[in-house]
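Read through the structure below, which is laid out as structure tokens, and then see the notes.
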């Protein structure tokens, strides 16, 4: 499984484009908001964390269609599912590898993009923390969508449509935890723990569901 | 070790592709499946490899230990080489082979040794994307050698190979059978395998069901 993790991160890293595309997409969403809202820095500061969260959510949907489709194209998916390893564990590893090269870079760019939204260091830290907790859940939910759409040509849009509704809880608790840390009366700990719970829950259920899907979508 | 297929029937959508295929292969035996295009050779191979559901019939594998395995566990003992090679274009030949070796387990030859056997030692550090179709196929054949699996299921293994490489392939395949392995191949070309049984698939007679 370590070998699979290494191979998947290495292939995405070597092909390069997808990492940069994700970051640039994230950047363009964040740049678009001030144009839509207007140059009110106070408003931008207040909306900043939400903008970063929406941007990260949309950007992490970008590469999902390639999660299994690439392996299907070159024929390695057939060989991957034939081995004696648990299929769910295989999906889990692939999803972690996917998050490492698509989710993690987004979080690392949050300090830079936060600056553009007039956020202070503490706010940026909190957003990065909640994103780091929440984006793996998006990847695990996305893995189910990717497994459903793997045999469909141009399934990329379908994946987004399928999984966006399912990511709403992640968004709700991610934002709730962020504002909880920033504004005084709102609680931080309970929404943050719920966010952690969602991530752990999807980390178990997502791979199991995706594995079932891969097993039965054979053609 | 003995692989037995009994009365296999396979449907794709509502079309019956394979009707009542039966065969049994013991250690060291090879089966070559021929037949016209679209007759169901690949479908049959994918079903044996556990990649396609069979609608009727059974697949059993009797191990040397006396244990008998059901259809869905048989795939763990199989190497499947389909139309696609299963190699990542951005990784080098050595990286690809090393990955499959670690992932499949039971390592045999190192990636360098396996590439030697297909006459491609010089592409060890070349990304697969730079290789020609025939060279890619040879690297894919080298994949069969890096990890030991007793059953090889090969779908037109010699597509794109020149005469020399085809001969190298027959040597490898014969070596596999000699060491007690089972080989099932679908092909249109002559594979020059020693003691191989030949089966020609016939189109299912649709009239019988009408």
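Residue numbers (our numbering), protein chains in the order written: chain P, 12 to 230; chain H, 14 to 223. For each residue, glycine too, the CB sits at the ideal point set by N, CA and C. Note that this is a predicted model, so its numbers are computed, not measured.
Taking a Cβ-Cβ cut-off of 9 Å, residue 228/P has no neighbours in chain H, whose nearest Cβ is about 11 Å from it. Residues of chain H with a Cβ closer than 7 Å to the Cβ of residue 26/P are, in chain order, 103. For residue 103/P, no beta strand (DSSP E) encloses it; the enclosing alpha helix (DSSP H) starts and ends at 98 to 127.
The shortest C-alpha to C-alpha distance from residue 74/P to any of 32/P, 158/P, 130/P is the one to 32/P.
Identification of chain H residues near residue 189/P by a Cβ-Cβ cut-off of 9 Å yields none; the smallest Cβ-Cβ distance measures about 37 Å. Per DSSP, reduced to three states, the secondary structure at residue 169/H is coil, with no helix or strand assignment. Under the DSSP assignment, residue 46/H falls in the beta strand (DSSP E) whose first and last residues are 43 to 47.
Between residue 218/P and the set 150/P, 172/P, 102/P, 86/P, the nearest pair of CA atoms involves 102/P. Taken atom to atom, the span from the alpha-carbon of residue 142/H to that of residue 135/H is near 15 Å. Boundaries of the alpha helix (DSSP H) harbouring residue 42/P: 28 to 48, taken from the DSSP string. The beta carbon of residue 224/P sits no closer than 8 Å to any beta carbon of chain H. Taken through DSSP and simplified to helix, strand or coil, residue 121/H comes out as coil. Within 7 Å of the CB of residue 97/H, the CB atoms of chain P belong to 85, 86, in sequence order along the chain. Under the criterion of beta carbons closer than 8 Å, residue 125/H and residue 153/H do not qualify as touching, at roughly 16 Å. Contact of residue 206/H with chain P is not assigned, every C-beta pair being separated by 8 Å or more. Comparing alpha carbon positions, the residue from 108/P, 146/P, 114/P, 100/P closest to residue 225/P is 100/P.
Counted as a single uninterrupted DSSP element, the alpha helix (DSSP H) harbouring residue 223/P occupies residues 200 to 227. In the DSSP assignment, residue 183/P falls within the alpha helix (DSSP H) that extends over 179 to 193. Nearest Cα to residue 137/P within the set 63/P, 192/P, 113/P: 192/P.
No Cβ of chain H is located within less than 8 Å of the beta carbon of residue 51/P. Judged by DSSP in its simplified three-state form, residue 87/H adopts helix. Excluding the 5 residues flanking it on each side, residue 62/P has same chain C-beta neighbours closer than 7 Å at 41, 44, 128, in chain order.
A direct Cα-to-Cα measurement between residue 101/H and residue 133/P gives close to 42 Å.
For residue 172/P, the enclosing alpha helix (DSSP H) starts and ends at 167 to 174. In the three-state reduction of the DSSP assignment, residue 23/H falls in the strand class, which pools E and B. For the pair of segments examined, the stretch 193 to 202 of chain P was found not to touch the stretch 107 to 117 of chain P: the number of CB pairs separated by less than 8 Å stays below three.
By the rule that beta-carbons nearer than 8 Å mark a contact, residue 125/H does not touch chain P.
If you draw a straight line from the Cα of residue 185/H to the Cα of residue 205/P, it comes to about 57 Å. One Cα belongs to residue 190/H, the other to residue 43/H, and the distance between them is close to 7 Å.
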